[in-house]
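Colleague:
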Amino acid sequence: MHSDAKAAVMAAASSNPVHPAGQQPPPATAEEIVHSFEEADHHEVSLAGYQPEDWICLAIFWVMALLVFLQFFSRYVLNDSYAWTEELAVYCLIGVVFIGSAMCVRACRHIQVDFLYRYLPRPAGRALATVIDLLRTAFFGYAVWLTYRYIVLVGDEPMTTLFWNKAYVYWMALAGFVLMFLRSVQVSARNWRQGYSILENPAAYESQD
């Protein structure tokens, strides 16, 4: 919003008549600045770009925030800390990380280095990007299998404070890896159809930020 307002202010200032060399144009008036912020605030909000994992991650995040607040309140106000809030907050953070990672896979926002692609010929860059898509998808598929095997081995382990089954946490991590695998398949298919990935053409993805 601030960048839009700044652009509007600069546009209003640049609309003034051209002044001789060496003279600065007059600064934008207060009315023009206020009007630019009003224009920046009048934009449509669309939720069409959000997917189920976005809402799930948001819900887990707010549960974690409430648990952290309850921990703070019970410790410093009631002087009787609820130990289970800290443990559950940690488990919620695990959910935010794994479910949120699926969001990053869908938006191609995991850490990646695209410097090499500036110097590679286009066919070589396309081939290397395709190999990376395949390796990424295979990795997530392997992680799904490993996480499931881990749940089978230690899925009955109880939590420390509530003595609930810790398998709920492991299943949440498994769900995150499954979502990452599915999103990776979608991203790989899209890259193949359009003929480039974010590694080869980062500018094409700047509008998503």
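End of the sequence shown sits at 213 in the numbering used here; the numbers just go up one at a time, nothing left out.
No residue lacks a Cβ here, since even glycine has one placed at the ideal position from N, Cα and C.
Between N195, I98, R79, which has its C-alpha nearest W175's C-alpha?
Modeller: The residue with the shortest Cα to Cα distance from W175 is I98.
Colleague: Would you mind working out which of M184, L183, D160, F185 sits nearest V173, comparing C-alpha positions?
Modeller: Taking only the C-alpha atoms, the option nearest V173 is D160.
Colleague: Whole angstroms is fine: what's the gap from V148's alpha carbon to P162's?
Modeller: Answer to the nearest angstrom: the Cα atoms are 22 Å apart.
Colleague: Taking DSSP's pairing of strands, which residues face P162 in a bridge?
Modeller: In the DSSP output, where bridge partners are listed per residue, P162 has N169.
Colleague: What alpha helix (DSSP H) runs, 4 residues minimum, are completely inside the segment 80-165?
Modeller: Entirely contained in the segment 80-165, the alpha helix (DSSP H) runs reaching 4 residues are, in chain order, 87-110, 126-158.
Colleague: DSSP state of Q75, grouped into three classes?
Modeller: Three-state result, Q75: helix.
Colleague: By DSSP, does S201 sit in helix, in strand, or in coil?
Modeller: DSSP places S201 in coil when its eight states are reduced to three.
Colleague: Using beta-carbon positions only, say whether M68 and C112 come within less than 7 Å of one another.
Modeller: No, Cβ-Cβ distance for M68 and C112 is not below 7 Å.
Colleague: Counting pairs of Cβ atoms below 8 Å between the segment 75-86 and the segment 103-120, do you hit three or more?
Modeller: No, the segment 75-86 is not in contact with the segment 103-120.
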